[in-house]
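Report on the following structure.
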Amino acid sequence: MAAPDLAPGQWPQAVSDVEVDPEIRFGALPNGMRYAIRRQTIPAGQAALRLRIDAGSLMEADDQQGLAHFLEHMAFNGSEAVPEGEMIKILERLGLAFGADTNASTGFDETIYKLDLPRTDQETLSTSLMLLRETAMSLTIAQDAVDRERGIVLSEERARDAPAYRTYKDRLAFLLKDQRLNDRYPIGEVEVLRSAPAARIRDFYEAYYRPERALLVAVGDFDVDAMEAQIIEAFGGWTALGEPGGAPELGEVRRRGLEAKVAVEPGVQGALQIAWVRDPDVAIDSDARRRADLIEQLGFSVLNRRLSVISRAADPPFLGAAAFVNDEFGAAETTSIIANAQEGRWREALQAIEAEQRRALLHGVRQDELDREIAEYRARLKANVAGAATRRPSSLAQQILGATAEDEVVTSPAQDLALFDATVEGLEAATVSRALRDAFQGQGPLIFLASPTEVDGGEAAVLSAYEASRRIEVAPPEALSVVEWPYGQFGAPGKVVETREIADLDTVFIRFDNGVRLTIKPTRFQDDEILVAVNVGDGLQSLPSDTQSLAWASQALVEGGLGEITAEDMERVLASNVYGARLRVSDDAFTLSGSTRPEDLDVQMQVLAAYLADPAWRTEAFARIQAAGATIHEQYEATAGGVLSRDLSGLLHSGDRRWTFPSKADIAQAAPDDLKAQLAGPLAKGPIEVIIVGDTTVEKATDAVARTFGALPPRAEVTRPEAAPVAFPPPTDTPVRRTHKGRADQAIGYVAWPSTDFFADPQAAREAAILGEILRLRLVEELRESQGATYSPSVNYNHSYVWTGWGYVSASVEIPPDGLDAFFADVAEIADDLRRNPVGDDELERARQPRLERIERARVGNDYWLSELARTQTDPRRLEAIRAVIPGTERVSAADVQRAAERILSPDRTWKIEVVPES
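Residue numbers for the sequence shown follow this note's numbering, so the first one is 864 and each next one is one higher.
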């Protein structure tokens, strides 16, 4: 919410000594509406528009609870210039997909409308501004449209009401006792959503959708002067109607001492929080305040590092923990230390976080700890500076919105780095220690325990455990040991024996004498960003189909560290470097990946090569992941969506254990050696393919790989293994049934039709993708717009590059159980119509154009190429797939879609599942 110091149309920099980012043009209209414009030419032809209304659920009256969010929905349901149901279609014709590119959100204190534009031609820009103008000042909010939208909003309420959300509400009610946030959640009250008249939504609209509460952000590849002129023309005539709405009374922070609250919620992850609550910080943004915040953040970084070390130890008292300061939407400021506790071990977790908080306050931080955090913080800021010129419009727009929402001045990465360097020059640990002590002030401590089961003794037991912990002395932190990075050398660099240039894709293929293959694509999509993937072995293809995959525990390889250094020490010794390490098990590879910058490419390659050459397989990492999985089934079973996400992959692969989710017994009985048995062989001996995409050169990438992966012992050549076949499940006359333990009005219906793999007929797979997009449009039109039955029907399609004959198209919906039969009938009717009749030109264009734009936008990002270039050296069909995706999609016709529907959407091939309440 706007600070009282800012007048209508005023920006924070008007009352602050912080210099504003000079690349952004800030302005205000005579009516008080503010705007911020920034030109961003990379990626070419893209833009992001954001309209922020400084009003959310906190402004609602008792009989309006949920109507701020309801109003957000009505923005898509008719205005003076755009008939109901036409806004999304207009945007689809311009290439924007509903949800991905066109969206909105409502919070406690703001409502934001988002458009990500695939083009910046005059039609797209002017149409988008017109639609935002209509949202701001000309919504019709017709009663019949409101009545049709009720079911959609109620569907969103059902989907949101999960254990984690209910626990969040319990926690906030405890911390912010008797304050307004506790009875103004954005989703609102069900009875209000069911019965509120359109007039009450309009009342909120006229009271709070006013120019003095509006901010428009425009970032993209356009002329700033021209954009400013269009904004003035579109919004200059906006005049508010009626009396303005007032600022809400948020309530005072209650004076409290030590208290505890136990919230029992089946299906929730056990968690503890110790919090101190104080009045909100309403000081204006300033250079001095930013320096103080940085010093405080460094103190919390040290404390969080200590908590991380504890979580990585053998048999740790908690799964993870963190400490932080949070602004509670202007109602209060809190300092918290939280921990995820293992089942039945909340006392150990409480004692551990209490002791570490007290150790930090009593003994402060050490200079060597502080220096490490300064190095890591500086590395991140320097990376931000190096990549500043190629930030995405959506990211820049969000930065402006985020700063403005907090009444802060928008600054550039270079300004942030300069402030940081000035702040930490000569910074002593004693100064940081004082700042950390000062942060743990306020009412409390307040201890919140969320548990999936009853806690013996309840709050009294929690308080007793806390007091007992307070009586235990804490020693000062130990000095950090001196460590060095031991994996700088791997032997004689490998020799390049083959080089091939794929000129049309700006890609180079290289093969070393030890069999390692390297694919390089230098790009300038993102300055200072290099993405690396190392594909090893054959992934799921190499695993038996009748043995449960341990992919769920695969990250234990990375967390287990290396033979000569632990993961914690590796992070410390490489604190000033930017690198990453993750392991993913995919259909055709075990993939180690990371993200780095040009100056750290050598380190990145050393880290990933070391995980192949000398993994430690420390058991502590596996045990920690195993402990986290002990209650995962209860968490999944608490909602319909959880059950479906847990079981669907295994069902779609006919129970093949490479895709099934492990049972509780599977998780409990698994051993580190089981994971090692599945991964160690392929990682040690399997063929290696390295892919490097980003801000580098062929020469530098080749040299970095030659001295790491190229220096490893010889590896086998890539071959196509004889993998166990994968089968789609047989058709079902009645849906497969799964049950959940959540609300009685929550259910999910899911229907799928088998297709085939991608390479069986690549063009047919592209036709099936457009068929899927049209099926999505039809479901949204029927179930959401016409019936108001659900918030978000979902359609997916998948045509495997790996498994012969395997692929599918699917549709699903969250809906009350009594709507499932109608959903399956509606899907069958839509499928029948798509088989019998060709789609119209407009519908085809609204399905095809957003997909084309998504592909085009993805192709100017490094992530896309890192994925698409996998296996292209040894499977030339994949190169052709990259080349053909745009022209192949462009030429999909109405007749092609109909043939795809005839081929795929056959009623006698349909497989269905429903997830219904256990009761």
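From the three backbone atoms N, C-alpha and C, an ideal C-beta is built for every residue, glycine too.
By the three-class DSSP mapping on this structure, what secondary structure does residue i have?
i	result
Gln1352	coil
Met864	Note that Met864 scores a pLDDT of 40, beneath 50, so its modelled location is shaky and nothing firm can be said.
Glu1777	strand
Lys1032	helix
Gln1262	helix
Ser968	strand
Asn1440	coil
Asp1284	helix
Asn1189	strand
Pro1807	Nothing about residue 1807 can be reported from this structure: the residues present for the chain run from 864 to 1782 only.
Asp1369	coil
Arg1057	helix
Asn1045	helix
Ile1158	helix
Tyr1660	strand
Tyr976	strand
Phe933	helix
Gly1505	helix
Asn1398	strand
Arg913	strand
Gly1289	coil
Lys952	helix
Val1360	strand
Lys1040	coil
Glu1069	helix
Phe1163	helix
Under the rule that 16 or more other beta-carbon atoms within 10 Å means buried, what is residue i, buried or exposed?
i	result
Ser1782	exposed
Asp979	buried
Ala865	With a pLDDT of only 39 at Ala865, under the threshold of 50, the placement of this residue in the model should not be trusted, and no figure is reported.
Trp1774	buried
Pro867	The predicted position of Pro867 is uncertain, since its pLDDT is 47 and thus under 50; no value can be drawn from it.
Gly1307	buried
Glu1777	buried
Asn1700	exposed
Gly1402	buried
Val1145	exposed
Lys1527	exposed
Gly1670	buried
Gln1489	buried
Ser1649	exposed
Glu1096	exposed
Where does the unbroken alpha helix (DSSP H) through residue i begin, and where does it stop?
i	result
Thr1197	Element bounds for Thr1197: not the alpha helix (DSSP H) but the beta strand (DSSP E), 1196-1203.
Thr1482	1482-1491
Ile1237	1230-1249
Asn1725	1725-1731
Phe1098	1087-1098
Examine chain B for any beta-carbon lying closer than 9 Å to the beta-carbon of residue i, and answer yes or no.
i	result
Trp1480	Although the question refers to chain B, the structure presented lacks it and comprises just one protein chain.
Does the beta-carbon distance from residue i to residue j come in below 9 Å?
i	j	result
Ile1335	Gly1557	no
Leu1413	Pro1525	yes
Arg901	Glu886	yes
Gly1227	Ala1293	yes
Gly1250	Asp1150	no
Val1470	Ile1633	no
Arg1641	Ile1693	yes
Gly1051	His932	yes
Leu1514	Ile1745	no
Ser1199	Phe1181	no
Pro1780	Arg1606	yes
Taking residue i as part of the beta strand (DSSP E), name the residues at either end of that continuous run.
i	result
Tyr1784	Residue 1784 lies beyond the residue range present for the chain, which begins at 864 and ends at 1782; the question has no answer from this structure.
Task: Inside the segment 1582-1643 only - beta strand (DSSP E) runs reaching at least 3 residues - done: 1599-1603, 1610-1617
Task: Every unbroken beta strand (DSSP E) within the segment 1404-1474, with a cutoff of 3 residues, ordered by chain - done: Qualifying beta strand (DSSP E) stretches, in chain order: 1445-1448, 1453-1459.
- [ ] Just list the alpha helix (DSSP H) runs in the segment 1738-1767, keeping only unbroken ones of 4 residues or longer that don't cross its boundaries, in chain order.
- [x] 1739-1753, 1757-1767
Open item on the list: Report the start-end ranges of each alpha helix (DSSP H) in the segment 1649-1717 that is 4 residues or longer and not cut off at the edges.
Closed with: 1683-1699
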